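Visitor: Residue numbers (the numbering used here): 20 to 191.
The C-beta atom is built at its ideal place from N, Cα and C for all residues, glycine as well.
Source: prediction; values computed, not measured.
There's a structure below that I have some questions on.
Okay, here's the thing in structure tokens:
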């Protein structure tokens, strides 16, 4: 689903063991796309002010994906600065990814992601180079929605249950 990190750094301050990527990966694999998984995107605008909002993220083919209406703050921010962060709260691990997001208009990706979204009860369909559905989250803005491909550069994981641990990973 996602690439393997090329480097890991132990961030523990309490003497716990390094959090293995396999544990973080399993949390992501099991929890991404579920309605109960808190997922947030942070972008930065031309005025250097951060903007965070809830999103519905998916993982596919080594990337993370999310949708956004073309007139939303997050889409306008990404148009001028693709650097952003995705944060997730899973039952056992908090994960934050930093990387870059670009709109994708690749038909194969749009078709694969709309199929994946439908498996998680969002009736998404491809319409040209965008996604439509009868509804979406308020933060997505009105449809049709653009699909964004997020390329992971780094990640930080903090275990919320035993065994505790905190680790950063580099992917590039």
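Going by DSSP, what residue range makes up the alpha helix (DSSP H) through residue 204?
Guide: Absent from the model: residue 204. The displayed extent of the chain is 20 to 191, so no value can be given.
Visitor: Whether or not the segment 130–146 and the segment 97–113 are in contact is what I'm after, with contact meaning three or more pairs of Cβ atoms, one per stretch, closer than 8 Å; do they touch?
Guide: No, the segment 97–113 does not touch the segment 130–146.
Visitor: Please classify residue 137: does DSSP put it in a helix, a strand, or coil?
Guide: Taking the chain shown and counting its residues from 1, the one referred to as residue 137 is at position 118. If DSSP states are grouped into helix, strand and coil, residue 137 belongs with the helices.
Visitor: Residues in the same chain with beta-carbon distance under 8 Å from residue 178, minus the five sequence neighbours each way, listed in chain order, please.
Guide: As a position in the chain shown, residue 178 is number 159, starting the count at 1. Within the same chain, residue 178 has close Cβ partners 35, 38, 42, 111, 112, 184, 185.
Visitor: Mind reading off the beta-carbon distance from residue 192 to residue 129? Whole number of angstroms is fine, and I expect it under 8 Å.
Guide: It is not possible to answer for residue 192, since the shown part of the chain is limited to 20 through 191.
Visitor: Please report the straight-line C-alpha distance between residue 57 and residue 109, rounded to a whole angstrom.
Guide: For this step, residue 57 is matched to residue 38 along the chain shown. For this step, residue 109 is matched to residue 90 along the chain shown. Between residue 57 and residue 109, the C-alpha separation is close to 7 Å.
Visitor: By the DSSP assignment, the alpha helix (DSSP H) with residue 42 in it spans what residues?
Guide: On the chain shown, residue 42 is found 23 positions in, with the first residue counted as 1. Note, residue 42: alpha helix (DSSP H), 40–50.
Visitor: Quick one: residues in its chain with C-beta nearer than 8 Å to the C-beta of residue 131, no 5 flanking neighbours on either side, listed in chain order?
Guide: Counting from one through the chain shown, the residue named residue 131 turns up at place 112. Excluding positions up to five away in sequence, the list reads 79, 80.
Visitor: On the DSSP letters alone, give me the boundaries of the beta strand (DSSP E) that residue 176 sits inside.
Guide: Translated into the one-based positions of the chain shown, residue 176 becomes position 157. It spans 165–178 - the beta strand (DSSP E) in which residue 176 sits, taken as one unbroken run.
Visitor: Between residue 72 and residue 91, what straight-line distance do the alpha-carbon atoms span, to the nearest angstrom?
Guide: Position 53 of the chain shown holds residue 72. Position 72 of the chain shown holds residue 91. Roughly 10 Å between the two C-alpha positions.
Visitor: By the three-class DSSP mapping on this structure, what secondary structure does residue 126 have?
Guide: On the chain shown, residue 126 is found 107 positions in, with the first residue counted as 1. Note: residue 126 maps to helix in three-state DSSP.
Visitor: Less than 8 Å between the CB atoms is what I'm expecting for residue 168 and residue 117, so what's the real figure, rounded?
Guide: Here residue 168 corresponds to residue number 149 of the chain shown, with the count starting at 1. Here residue 117 corresponds to residue number 98 of the chain shown, with the count starting at 1. Not confirmed; about 15 Å, so no contact.
Visitor: When the Cα of residue 159 is compared with those of 93, 121, 140, 170, which residue comes out closest?
Guide: Position 140 of the chain shown, counted from the first residue, corresponds to residue 159. For the residues 93, 121, 140, 170, the minimum Cα distance to residue 159 belongs to 93.
Visitor: Please state whether DSSP places residue 3 in a helix, a strand or coil.
Guide: Nothing in the structure corresponds to residue 3, since the chain is present only between 20 and 191.
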